[in-house]
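Report on the following structure.
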Amino acid sequence: MRTSEIRTRWLEYFAANGHEIRPSVSLVSPEPSILFTVAGMVPFIPYILGTEPAPWPRAASVQKCIRTNDIDNVGKTTRHGTFFQMNGNFSFGDYFKEGAIGYAWELLTSSLSDGGYGLDGDRLWMTIWEEDRVSWDYLTREIGVPAEHVQTLPFKDISWSTGQPGPAGSCCEIHYDRGSAYGPDGGPLVDLQGDRFLEIWNLVFDEFLRGEGEGHDFELVGRLDKTAIDTGAGLERLAFLMQDKPNMYEIDEVYPVIAAAQSMSGRSYGAGAAGPEAGEAYLDDVRMRVVADHVRSALMLIGDGVRPGNDGRGYVLRRLIRRAVRSMRLLGVQDPALPVLLTASKDAMKASYPELEASWHTISEVAYAEEEAFRRTLEAGTTILDTAVAQARSAAGGTGRAVVPGDRAFALHDTYGFPIDLTLEMAAEQGVAVDEEGFRSLMEAQKERARADARAKKAGHTDVRVFQDVEKAMGGGSQFLGYTESACEA
Ligand code: ATP
Ligand code: MG
Ligand code: MG
Ligand code: MG
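Quick note on UniProt numbering: the sequence shown kicks off at 1 and runs consecutively.
Here you go:
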């Protein structure tokens, strides 16, 4: 079943069950405290918090999402994209735990001919809060799920809150057992990070009020006047199960880019299926998956109005495009790659997002210009970097601890527009470290000089938020989750 049909079935199922169908909002988050829309609930936050009355008691959507905190997982796990689509259903004071579990179970396990997803119920495993008797009873008695398939956890490991005083609750997470070929038995708790038990759907039950506290260290101080249901199921995860593919990068909406990268590079995708022990062949597979993911994210971000830049969202977009282009170079492709790859991605996505055709001219121009600019940067800086790496190597002699000095990294940044993450990445590929601390202190000194200049001129002001964004965006593992604080992230 095509991904666009899995999507349509979701909306049809929840429409038939009285839900208002809402369109996806932009990837540029409508919630000002976060850069990107990271979950289906983002546009519904005021109704969940109760700060605005909900216009409908129940709603459903398929939301476009960007999660930069997953960037290092992309291509290495089976299940993380920087762009993905989160199917969601929501209840604002209407149905609660039993309703949410009932809908999830019915949609997942109903046969394909009945409009469902036709998954085998015997392969579903749930994790719930150990004190959640309602979910326990409903799952084991009403539905008849075997008790060992319902695993219970302390609140701190299965809770959700906004990270500040306000609504909080526990979750019920639904996992799919892909079978013994993918890892040891025993349920998701023994294999949470493995490939065997795939988390497909998170049901969040908002019923409590929480107090002050950091992380998951907070007290429950009361109950909400109105409970809420907030769920999210990864569309790509459902698709790879239903299309019987090994990972989300091989579904119909993503794979065509891998196929294009394969024919451009002449290397064969899948030769590294054995995993890291397959060496270069595995790395090539990861590169092609990274390319497919990042190109799609860039397509969707530009489509939503984001433009490459040096801070905030623009920097994230720039970094995604650069990583895709660099991955193609590592696959041996020197020619411009986006004209082929971005077109392949657009063609794969347009069944679900027909608006991509209308804005294609702009999207492609923006992306191709960014690739060109990056090619010029690489041309200018690569020789300088390679020289610095070679010198670092010979300075280290036989010690094996070659380090590119901070001032060389700073010069690359300052004169050739080589961002530090690129220097780090390219040096690491040659087995050489970079004195990042030295680089940062030179950056700091430069910033300080700029600040002193600005003070001296008594002109202009520094918008510190821009620097914070850059720092965050450069942090690699940066968490743009901002608003939500969820143990169900685990
Ligand atoms: P995981 O533990 O696999 O990282 P999560 O617990 O962080 O997932 P949630 O925040 O619970 O994910 O989001 C709800 C659902 O959205 C997940 O159950 C999953 O199906 C999907 N999802 C989350 N992150 C991604 C991603 N980076 N790529 C694809 N799907 C995702
Ligand atoms: Mg989760
Ligand atoms: Mg999780
Ligand atoms: Mg996660």
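In this text, a Cβ means the ideal position worked out from N, Cα and C, and glycines have one as well.
Listed in chain order, the non-local C-beta contacts of Ser297 below 6 Å within the same chain comprise Thr82, Phe83 and Leu320, local neighbours out to five positions each way being set aside.
In this structure Glu173 is in contact with Glu199, their Cβ atoms being roughly 6 Å apart against a cut-off of 8 Å. For Asp114, the CB stays at least 7 Å from every heavy atom of ligand 4. The C-beta of Leu356 has 16 or more other C-beta atoms within 10 Å across all chains shown, which makes the residue buried. The DSSP assignment places no complete run of the beta strand (DSSP E) inside the segment 384-420 (cut-off: 3 residues).
Scanning its chain for C-beta atoms nearer than 8 Å, with the 5 sequence neighbours on each side dropped, one finds around Leu412 the residues Gly381, Ile384, Leu385, Ala388, Phe418 and Thr423, in chain order. Sequence-distant Cβ neighbours of Thr362 in its own chain, meaning closer than 8 Å and more than five residues away, are Ile302. Counting only runs that start and end inside the segment 149-231, the beta strand (DSSP E) elements of at least 3 residues fall at 150-153, 159-161, 166-177 and 197-210.
Contact annotation, Phe205 with Cys171: C-beta distance approximately 7 Å; criterion of less than 8 Å satisfied. Rounded to the nearest angstrom, the Cβ distance from His216 to Phe197 is 22 Å, too far for a contact under 8 Å.
With a cut-off of 7 Å, the C-beta of Gly163 is classified as distant from ligand 1, since no heavy atom of the ligand falls inside that distance. In this structure, the C-beta of Glu236 stays at least 7 Å away from each heavy atom of ligand 3. A heavy atom of ligand 3 is found nearer than 7 Å to the CB of Glu199. Distance from the C-beta of Ala260 to the nearest heavy atom of ligand 1 is not below 7 Å. Pairwise C-beta distances place the segment 103-119 out of contact with the segment 264-280, as fewer than three of them are shorter than 8 Å.
With 16 or more other CB atoms across the displayed protein chains lying within 10 angstroms of its CB, Ala409 is buried.
Within the DSSP bridge table, the entry for Lys64 names Gln85 as partners. Per DSSP, Met126 is not a residue of any alpha helix (DSSP H); the beta strand (DSSP E) it occupies stretches across Leu124 to Trp129.
Looking at the backbone, the Cα of Ala168 and that of Phe90 are separated by about 15 Å.
By alpha-carbon distance to Ser29, the top candidate from Ala292, Thr109 and Gly40 is Gly40. In terms of Cβ geometry, Leu338 and Ala367 form a close pair [threshold 8 Å].
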